[in-house]
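In this note's numbering, the protein residues as written are 1481 to 1627.
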């Protein structure tokens, strides 16, 4: 289900550094974006099964798994959120690998306000567009089956 832009938009940020989490809080403090923060993927395993998320931001270096595991987990979620990988060592190789494996983009840390706002908004819009296409495709299949 897509959310109206005036509704709170759900974002999950898996970032081990409290400083990075605080940076995101400050960037989005006056917005309708609602962040759930965690330091590891394991902290969220149960929540991920029942949540409707549009965007997941993950650090490239998590203590319990890698960003690829977060991407695989997101792919298994019902709404298949857009995944953004953040890294202090972002380079062309990481960016290409993230995109080739189905991630949305790479954010360089420390976070720059304009880059984060643009990237997260675009990731959410991409997720919203995919959700609309899936609903439209489901409706088309239903119409063909009944006709």
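Built from N, CA and C at the ideal position, the CB exists for glycine as well. If you're wondering where the values come from, they're calculated on a predicted model, not measured in any experiment.
Nearest by alpha-carbon distance to residue i: which of the options is it?
{"i": "residue 1490", "options": "1503, 1507, 1517, 1568", "result": "1517"}
{"i": "residue 1522", "options": "1495, 1555, 1532, 1499", "result": "1495"}
{"i": "residue 1596", "options": "1528, 1537, 1524, 1551", "result": "1537"}
{"i": "residue 1556", "options": "1533, 1577, 1575", "result": "1533"}
{"i": "residue 1603", "options": "1551, 1559, 1535", "result": "1535"}
{"i": "residue 1558", "options": "1605, 1531, 1576", "result": "1531"}
{"i": "residue 1575", "options": "1548, 1593, 1498, 1594", "result": "1548"}
I'd like the list of long-range same chain contacts for residue i, defined as Cβ closer than 8 Å, with 5 residues on each side in sequence excluded.
{"i": "residue 1484", "result": "Residue confidence for residue 1484 is low, a pLDDT of 43 falling below 50, so the modelled location carries little weight and cannot support an answer."}
{"i": "residue 1520", "result": "1494, 1496, 1542, 1543, 1544, 1545"}
{"i": "residue 1560", "result": "1554, 1607, 1610"}
{"i": "residue 1591", "result": "1500, 1503, 1504, 1507, 1566"}
{"i": "residue 1601", "result": "none"}
{"i": "residue 1572", "result": "none"}
Closer than 6 Å by C-beta to residue i: which residues in its own chain qualify, once you throw out the five before and the five after it? Chain order, please.
{"i": "residue 1513", "result": "1489, 1491"}
{"i": "residue 1587", "result": "1564, 1566, 1599"}
{"i": "residue 1578", "result": "1565, 1586"}
{"i": "residue 1605", "result": "none"}
Looking at residue j and residue i, is the spacing between their C-beta atoms short of 8 Å?
{"i": "residue 1540", "j": "residue 1567", "result": "yes"}
{"i": "residue 1570", "j": "residue 1563", "result": "no"}
Please return the same chain residues whose Cβ sits closer than 7 Å to the Cβ of residue i, not counting the five positions on each side in sequence.
{"i": "residue 1501", "result": "1493, 1495, 1517"}
{"i": "residue 1550", "result": "1494, 1521, 1536, 1538, 1563"}
{"i": "residue 1614", "result": "none"}
Q. Per the contact definition of three or more C-beta pairs closer than 8 Å, is the region 1497-1512 in contact with the region 1576-1584?
A. no
Q: Could you name each continuous beta strand (DSSP E) segment of 3 residues or more that falls completely within the region 1486-1549, going from the start of the chain to the end?
A: 1489-1494, 1513-1518, 1535-1539
Q | Those runs of the beta strand (DSSP E) which lie wholly inside the region 1561-1622 and span at least 3 residues | A | 1562-1567, 1585-1588
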